[in-house]
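> Below is a structure I'd like to ask you about.
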Amino acid sequence: MSDDVTPTLVSINETCRLTSLSRTAINRKRDEGSFPQPVPIGTRRIAFVRSEVLAWIEARIAERNTKRAA
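Everything in the sequence shown is counted per my numbering, starting at 437 for the first residue and increasing by one.
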């Protein structure tokens with residue numbers, strides 16, 4: 437079990453599930469610098485910091501709410 441203090445890594449598949457984005461979309465956003473960068477966990481494997489992905493999602497929601505209020 438993890439808490440808010442302990443960083444948790446999630447796979448690309450879990451990241452896709454959390455964001456509803458495809459791998460291609462996530463990779464495109466990473467290349468643009470508009471998505472959290474992954475953590476290498478093996479020679480050919482990456483993971484994302486769960487809290488960073490959740491913060492990215494929250495920022496999208498806040499952006500939507502700001503545009504709606506304008």
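Glycine residues also receive a C-beta, built at the ideal position from the N, C-alpha and C atoms.
Given the structure is predicted, the values throughout are model-derived calculations rather than measurements.
Helix, strand or coil for Leu-457, going by three-state DSSP, please let me know.
Leu-457 falls in the coil class under three-state DSSP.
> What does Pro-482 pair with, by DSSP beta-bridge criteria?
For clarity, residue 482 is Ile in the given sequence; the question names Pro instead. In the DSSP output, where bridge partners are listed per residue, Ile-482 has Pro-476.
> Is the distance from the Cβ of Ala-491 to the Cβ of Ser-447 below 7 angstroms?
No; because the gap between Cβ atoms is not below 7 angstroms, this pair is not in contact.
> Between the beta-carbon of Leu-445 and the beta-carbon of Val-489, is there less than 7 angstroms?
Their beta carbons are not under 7 angstroms apart, which means Leu-445 does not touch Val-489 by this criterion.
> Using only alpha-carbon positions, find the residue among Ala-505, Val-441, Asn-449 and Thr-442 that is nearest to Leu-481.
In the sequence as presented, Leu is not what sits at residue 481; that position holds Arg. Nearest C-alpha to Arg-481: Asn-449.
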